Amino acid sequence: MPGTIRYHIDESCRLSVARALREQGLDVTTTSEAKLLGATDDVQLVYASESGRVFFTNDSDFLAMHEAHVAHTGLVYCHQNSRTIGETVRLLVLLWELYDADEMVNRLEYL
Numbered sequence: 495m496p497g498t499i500r501y502h503i504d505e506s507c508r509l510s511v512a513r514a515l516r517e518q519g520l521d522v523t524t525t526s527e528a529k530l531l532g533a534t535d536d537v538q539l540v541y542a543s544e545s546g547r548v549f550f551t552n553d554s555d556f557l558a559m560h561e562a563h564v565a566h567t568g569l570v571y572c573h574q575n576s577r578t579i580g581e582t583v584r585l586l587v588l589l590w591e592l593y594d595a596d597e598m599v600n601r602l603e604y605l
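All residue numbers for the sequence shown refer to the numbering used here, where the first residue is 495 and numbers rise by one.
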């Protein structure tokens, strides 16, 4: 479906989130698959943006980047261990159902 959100999952997040999203039929990449483990936050966000992916992270450093108006194709933040894997997946699927990829550009959503 054109405009559907595609996610990139940061290394700070559990890989089981990516697997569960894929089981739901969502298009997901991970930092390890992109060979970006240990890359700087800037490089991570550029990769997601150049790939047209919404970046999902547990790393609060990305909140400061958003506040500094660093351009991105969408950012979803969840404080680490504040939600179960199931809750996280349900909320990411809900965002996928509610928003078009274009609506996520430079948008920050909290889970």
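Quick reminder that beta carbons are idealized off the backbone N, C-alpha and C, glycines included.
Remember, it's a predicted structure, so these values are computed and weren't measured experimentally.
- If you look at H573, you'll find it isn't in any alpha helix (DSSP H); DSSP assigns it neither H nor E.
- Less than 9 Å separates the beta-carbon of R601 from that of G568.
- Residue pairing by DSSP puts L602 in a beta bridge opposite L569.
- Annotation: L557 to S545 spans about 20 Å, alpha carbon to alpha carbon.
- Membership of I579 in any beta strand (DSSP E) is not indicated; the residue belongs instead to the alpha helix (DSSP H) covering 579–592.
- L589 has its alpha-carbon roughly 15 Å from the corresponding atom of A514.
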